[in-house]
């Protein structure tokens, strides 16, 4: 008999090609593996990465089947860009939380002045998912030592609702992040954790 | 043994091939297969290469196999179209060292021009096929594939899909197999396929297929999962994962080997259930086999035949298998008004200036496969047709001949054809097309966008870069000399950052009554380390004409009437400054 699948938990990463969502998803996955979970992830390569919308998915539990997150079943969405956060809401479970960076990357139709970037993106996110948190991740990361550790701030916020403790996260950050950026990423992680 | 490692399906295939003793691998990069060779090339003591195209890669792997070494050839689904010629005769000659061919299909077309189902290639060529459902199976089945290949004297297809290639899951590797290379023995009756020999080999293949079907019925990786209800689901590959999650507790026949189909196993297991279902991505490949047993399976009557499957659309296809579990559709905010975010040419992309110029010159543009294809989107709208790798030159040739036959258009003008393709695509399959143009006196212009890399798939080397996959320095094919050696007299090089030069040279070449080649040469902007000064818009000089916005550069933004340059995005390529008629775009101070 197959094990129950209802205990499978999901986190979705939404952003723009080049924003480092694959790397952030990989850090989370490795922390979950080290903690003893079965883990599956899914990501997109190739043409879609050329400045297009990108989504990475991480699922964990006792036994995970589908690498893709079903509709309305992610307990958290990490959004590195507000519009992409909005676009990814179909994956958020009722009561789930969106953890977003207050970052706006205008897609071409907006740059061209053909359509408007939704000025109320943040309000719409919070209206749909009141538990969500939107932060100036790049500013916080810069104070921690490196603007490029913005995604690690978001992971810090996420971390408080997951089983692995701070020590487990730090071990993976040390292992996966380039040596010269480790300190800034650790500081960014702690700063995010305090915001949670 | 080491603990379980989180890896992609591609990494698992590469590691398994290495552990199985494979020491030769060849491929042309193509999403979602690219990382297989990149990972394999890092293993100790292996030879791994980027071939100019998939046919070459497969033929090189056949040679390595004949030479007694276990070999791997990997390609995306459409790559096997290119390699189809050796693919169909390879099973006639069989193998010496085990030979595994990876076909990485792309349901949903994340990064492909079609979503063909390559399982039919295995069936059509009488080649056994294995379909992993996650990274552990990708590892285990690749190991099995090498054993099967040598035991049955046949190539074996590993059929992956995007969600196997690019999903990570835990893998427990096994002990490394110390494989003895097979000594070379001449056997021309087996390996020289003149008709007289091939007629002897085809019956051998048919016998082999029968033996393989017997194996498929007993193969330990075919999994029977009994269930409580009256229904059984036949499935394979990543679709299995969706079935497990959508229909908990339902009986499943999960196949790992899907060619030949294990007909006896299917009959025996499925006959125990009243209702038989088949859940598979793309075509009804398994369903048609199951149907021949008189089992009346339900499959594509409800399961989508196009796009990817997932837990939701599998559950929606057969709600009777998961009573009471359907998710309530949540009411989402209105997404219809959200701006789309299509992939685009990067700021500073050297393709932008030349594609803009060609569109302005009203060229009929036969395009190809690469980043530059993104210039088809408005506002550049700089493509007329595109089919497959290398087709730009040959389609351009046919177009030009057709316009010659049909005569001038209604306004008395002659259409001017330009074929556009990248350097890696040119080496892949543009060279024969160029010979077609030269030999058959095509009167049009080929533009080769030479950015010195295979950019779309992640910057792989190719025969023009001077470096091999394993980092060895090597020759760099001289495109100018190659074109000239074909008798094309006019071969010119332009800098795509110089619009004036591009326009002048392209106009001259498009007006020329002879075949010509224009090489647009500048490295991919993502590979350039030294930064140029960013530009900005002078408020005094700008008249808000927004001509620069037609370049579709993500560093240019229009707010109301006003155009601005985003300093963090601008790479200083200066194309917009050259387009501006008011000289309003200057190096930022």
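Residue numbers (our numbering), protein chains in the order written: chain A, 6 to 201; chain B, 657 to 1245.
Virtual Cβ for every residue (Gly too), placed ideally from N, Cα, C.
Values in this document were obtained by computation on a predicted structure and should not be read as measured data.
Is residue 1107/B helix, strand or coil when you go by DSSP?
Taking the second chain and counting its residues from 1, one reaches residue 1107/B at position 451. Coil.
Residues of chain A with a CB under 9 Å from the CB of residue 995/B: which are they?
Working through the second chain from its first residue, we reach residue 995/B at position 339. Simply 88, 111, 112, 113, 114, 115, 119, 120, 121, 122 and 123.
Determine the DSSP secondary structure at residue 786/B, reduced to helix, strand or coil.
Against the second chain, residue 786/B aligns to sequence position 130. Strand at residue 786/B.
Taking the beta carbon of residue 711/B as the centre, do at least 16 other beta carbons fall within 10 Å, making it buried, or is it exposed?
Stepping through the second chain from its first residue, residue 711/B is reached at position 55. Burial call: buried.
The beta strand (DSSP E) with residue 696/B in it runs from where to where?
Start at 1 with the first residue of the second chain, and residue 696/B comes out as number 40. Careful: residue 696/B lies outside any beta strand (DSSP E), inside the alpha helix (DSSP H) at 691-696.
Expressed to the nearest angstrom, what Euclidean distance is found between the alpha-carbon atoms of residue 990/B and residue 78/A?
On the second chain, residue 990/B is found 334 positions in, with the first residue counted as 1. On the first chain, residue 78/A is found 73 positions in, with the first residue counted as 1. Approximately 19 Å, taken between the alpha carbons.
Kindly list the residues whose CB is nearer than 6 Å to the CB of residue 777/B, restricted to its own chain and excluding five residues on each side of it in sequence; keep chain order.
Locating residue 777/B in the second chain gives position 121, where the first residue counts as 1. So the list reads 736, once near-sequence residues are dropped.
Among the residues of its own chain, which have a CB less than 7 Å from the CB of residue 1169/B, if the five just before and after it don't count?
On the second chain, position 513 is the one that residue 1169/B refers to. Closer than 7 Å at Cβ, skipping near neighbours: 1099.
Just to confirm before moving on: does the CB-CB distance between residue 605/B and residue 1074/B stay below 7 Å?
There is simply no residue 605/B to check, as chain B begins at 657 and stops at 1245 in what is shown.
Buried or exposed: which applies to residue 927/B, given that a residue is buried once 16 or more other Cβ atoms fall within 10 Å of its Cβ?
Taking the first residue of the second chain as 1, we reach residue 927/B at position 271. When all chains shown are included, residue 927/B counts as exposed.
Pull out every residue of the segment 77-109 of chain A whose Cβ sits closer than 7 Å to any Cβ of chain B, in chain order.
So the list reads 77, 88, 91, 92, 94, 95 and 99, given in the order they occur along the chain.
Which one or two residues does DSSP pair with residue 18/A in a beta bridge?
Start at 1 with the first residue of the first chain, and residue 18/A comes out as number 13. Residue 18/A is bridged to 61/A and 83/A.
In the DSSP assignment, the beta strand (DSSP E) including residue 45/A goes from what residue to what residue?
Here residue 45/A corresponds to residue number 40 of the first chain, with the count starting at 1. Counting along the chain, the beta strand (DSSP E) containing residue 45/A begins and ends at 43-47.
Can you pull the DSSP bridge partners for residue 105/A?
The residue you call residue 105/A lines up with position 100 of the first chain. Answer is 84/A and 139/A, bridged to residue 105/A.
Can you list, in chain order, the residues of its chain with a C-beta nearer than 6 Å to that of residue 940/B? Leave out the 5 residues immediately preceding and following it.
The residue given as residue 940/B occupies position 284 in the second chain. So the qualifying residues of the chain are 955 and 956.
Taking Cβ to Cβ, would you say residue 74/A is nearer than 7 Å to residue 13/A?
In the first chain, the residue the question calls residue 74/A occupies position 69. In the first chain, the residue the question calls residue 13/A occupies position 8. Cβ atoms of residue 74/A and residue 13/A: not closer than 7 Å.
Of all Cβ atoms in chain A, is any one closer than 7 Å to the Cβ of residue 657/B?
Sequence index remark: in the second chain, residue 657/B carries index 1 (1-based). With a pLDDT of 45 at residue 657/B, under the threshold of 50, the predicted position of this residue should be treated as unreliable, and no value is reported.
By the DSSP assignment, the beta strand (DSSP E) with residue 1214/B in it spans what residues?
As a working mapping, residue 1214/B is identified with position 558 in the second chain. Counting along the chain, the beta strand (DSSP E) containing residue 1214/B begins and ends at 1212-1215.
Using three-state DSSP, classify residue 960/B as helix, strand or coil.
As a position in the second chain, residue 960/B is number 304, starting the count at 1. Correct three-state label for residue 960/B: coil.
Quick one: list the residues of chain B neighbouring residue 237/A, beta-carbon separation under 7 Å, in chain order.
Chain A is shown from 6 up to 201; residue 237/A falls before or after that span and cannot be answered.
If you run the structure through DSSP and keep just helix, strand and coil, what is residue 997/B?
Reading the second chain from its first residue, position 341 is the one you call residue 997/B. DSSP places residue 997/B in coil when its eight states are reduced to three.
Around the Cβ of residue 864/B, are there at least 16 other Cβ atoms within 10 angstroms (buried) or fewer (exposed)?
On the second chain, residue 864/B is found 208 positions in, with the first residue counted as 1. Buried: at least 16 other Cβ atoms inside 10 Å.
Mind checking whether residue 918/B and residue 873/B have CB atoms under 7 Å apart?
Against the second chain, residue 918/B aligns to sequence position 262. Against the second chain, residue 873/B aligns to sequence position 217. Taking 7 Å as the Cβ cut-off, residue 918/B and residue 873/B qualify as a contacting pair.
CB residue 153/A to CB residue 999/B, shorter than 7 Å?
As a first step, residue 153/A is located in the first chain; it is residue number 148 there, counting from the start. As a first step, residue 999/B is located in the second chain; it is residue number 343 there, counting from the start. No, these two residues do not count as a Cβ contact at 7 Å.
Closest by CA to residue 1047/B, which one among 1068/B, 1088/B and 1066/B?
Taking the first residue of the second chain as position 1, residue 1047/B is located at position 391. Ranking 1068/B, 1088/B and 1066/B by Cα distance to residue 1047/B puts 1088/B first.
Relative to the C-alpha of residue 171/A, which residue among 72/A, 183/A, 194/A and 60/A is closest?
In the first chain, the residue the question calls residue 171/A occupies position 166. Comparing Cα-Cα distances from residue 171/A to each of 72/A, 183/A, 194/A and 60/A, the minimum goes to 194/A.
List, from N- to C-terminal side, the alpha helix (DSSP H) runs of 4 residues or more that fit wholly inside the segment 898-953 of chain B.
As far as the segment 898-953 of chain B is concerned, its whole alpha helix (DSSP H) runs of at least 4 residues are 919-926 and 941-947.
DSSP state of residue 1181/B, grouped into three classes?
Taking the second chain and counting its residues from 1, the one referred to as residue 1181/B is at position 525. Helix.
Take the Cβ of residue 729/B as the centre, count every other Cβ of all protein chains shown within 10 Å, and call the residue buried at 16 or more, exposed below.
Along the second chain, read from residue 1 onward, the residue named residue 729/B stands at position 73. It is buried - the Cβ of residue 729/B has at least 16 other Cβ atoms within 10 Å.
Helix, strand or coil: which one does DSSP assign to residue 879/B?
Position 223 of the second chain, counted from the first residue, corresponds to residue 879/B. In the structure shown, residue 879/B sits in a strand (DSSP, three-state: E or B).
Interface residues of chain B around residue 35/A at Cβ under 9 Å?
By 1-based counting over the first chain, the position of residue 35/A is 30. Simply 662.
Compute the distance between the beta-carbons of residue 1045/B and residue 1085/B, then report whether it is under 7 Å.
What you label residue 1045/B is simply residue 389 of the second chain in a count that begins at 1. What you label residue 1085/B is simply residue 429 of the second chain in a count that begins at 1. It is a contact, given that the beta carbons lie within the stated cut-off.
Taking 8 Å as the cut-off, does the segment 1140-1147 of chain B touch the segment 1161-1175 of chain B (at least 3 CB pairs, one atom from each stretch)?
Yes: at least three Cβ pairs fall under 8 Å.
Cβ of residue 1206/B less than 7 Å from any chain A Cβ?
Start at 1 with the first residue of the second chain, and residue 1206/B comes out as number 550. It does not: the Cβ of residue 1206/B has no partner Cβ on chain A nearer than 7 Å.
In the structure shown, what three-state DSSP assignment does residue 857/B receive?
Position 201 of the second chain, counted from the start, is the residue given in the question as residue 857/B. If DSSP states are grouped into helix, strand and coil, residue 857/B belongs with the helices.
Within a Cβ cutoff of 7 Å, which residues of the same chain sit near residue 1230/B, ignoring the five residues on either side of it in sequence?
Here the question's residue 1230/B lines up with position 574 in the second chain. These residues qualify, in order along the chain: 1153 and 1191.
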